[in-house]
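See structure below.
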Amino acid sequence: MIAIAAEPYPFEFEPAHTALLIIDMQRDFLEPGGFGEMLGNDVSQLRRTIEPNQRLLAAWRAAGLMVMHTREGHRPDLADLPPAKKIRGRSATCIGDAGPMGRILVRGEAGHDIIPALYPVPGEPIIDKPGKGAFYATSLGRLLADKGIANLLVCGVTTEVCVNTTVREANDRGYDCLVVRDCCGSYFPHFHDSALAMVAAQRGIFGWVADSSQLIDAIGRG
Ligand code: TIU
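One point on numbering: in our numbering, the residue at position 129 of the sequence shown is 130, and numbering is uninterrupted.
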């Protein structure tokens, strides 16, 4: 058992029963010229998470521990895209339409894929999810149960949307979640800060928050 400094109190975990879950580090959310930027968002707020994620991912892989990745997106026929999600925002260009890197948030398109800097290696499951949460309409729960995972280290984008939704889903399913502060990002810094505060508030109502350096140091010692 390893314990690291975290908010609101130390997070204890057994590495063999802990998965690093990297949420939606996709080209359309992070790359200049992608869908996120097309909507007027400042992608630099998300891009600052790339290096910390690379360091944590390298440490977790070197220790031979479980890594999983998610991607938000839809079938090419859009059968799993709720009409409400399709029309939300009243944007001229929406999910499923031709975008800067192929059809927006459609599986198989370039923009939907994970950025090269954090690309999964063989043996790391990729969970394709149609919603914001990684458990809704996916096989994530089944995979975690099969692999005996009890704790999740949650990274990725965006802190208040897909990361937060996933942590809430995981919490209700009995997982202990640590959200990795510097490995998560939002287009809106104040939402990032608030989303992390919400996780750790009330003695850890949804889980814990810590920096990646705490984890990397602990794995190195472990
Ligand atoms: N992955 C994720 O958070 N999807 C979003 O749509 N996030 C926004 O902040 N828009």
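Cβ atoms here follow ideal geometry from the backbone N, Cα and C, with glycine treated the same way.
It should be emphasised that the depicted structure is a prediction, and the values quoted were computed from it without experimental measurement.
In the DSSP assignment, what residue or residues form a beta bridge with residue i?
i	result
H18	H18 pairs with nothing; no bridge assigned.
C95	DSSP lists no partner for C95.
N152	T19 and D177
A4	E13
I127	H70
Q27	I115
C185	G157
A211	V181
So, under 8 Å CB-CB, residue i and residue j are touching, yes? Tell me the CB distance rounded to an integer number of Å.
i	j	result
E8	A135	In fact, because the Cβ distance is near 23 Å, the residues do not count as touching under 8 Å.
G112	F36	6 Å
I150	M67	6 Å
I5	A171	About 18 Å; that fails the 8 Å criterion.
P53	S213	5 Å
T167	V155	6 Å
Take the Cβ of residue i as the centre, count every other Cβ of all protein chains shown within 10 Å, and call the residue buried at 16 or more, exposed below.
i	result
R104	buried
R204	exposed
A224	The chain is shown only over 2 to 223; residue 224 falls outside these bounds and no answer can be derived.
H70	buried
G208	buried
G300	A query on residue 300 cannot be resolved here, the shown segment of the chain reaching from 2 to 223 and no further.
R143	exposed
K234	Residue 234 is absent from the structure shown; the chain starts at 2 and stops at 223.
I24	buried
P232	Residue 232 falls outside the range modelled here, since the chain spans only 2 to 223, and no answer is possible.
G65	exposed
M102	buried
R28	buried
A146	exposed
E110	buried
E161	buried
Y188	buried
Y176	buried
I'd like to confirm something about residue i: is its beta-carbon nearer than 7 Å to some heavy atom of the ligand TIU, or not?
i	result
Y188	yes
I24	yes
T159	yes
K133	yes
F185	For clarity, residue 185 is Cys in the given sequence; the question names Phe instead. No, the ligand TIU has no heavy atom inside 7 Å of this Cβ.
F30	yes
C163	yes
E73	yes
Does the beta-carbon of residue i, which I'm using as the reference point, lie nearer than 7 Å to any heavy atom of the ligand ADP?
i	result
V168	With respect to the ligand ADP, the structure offers nothing, as its ligand set consists of the ligand TIU.
What are the complete alpha helix (DSSP H) segments, minimum 4 residues, inside the stretch 58-111? Correct list: 84-88.
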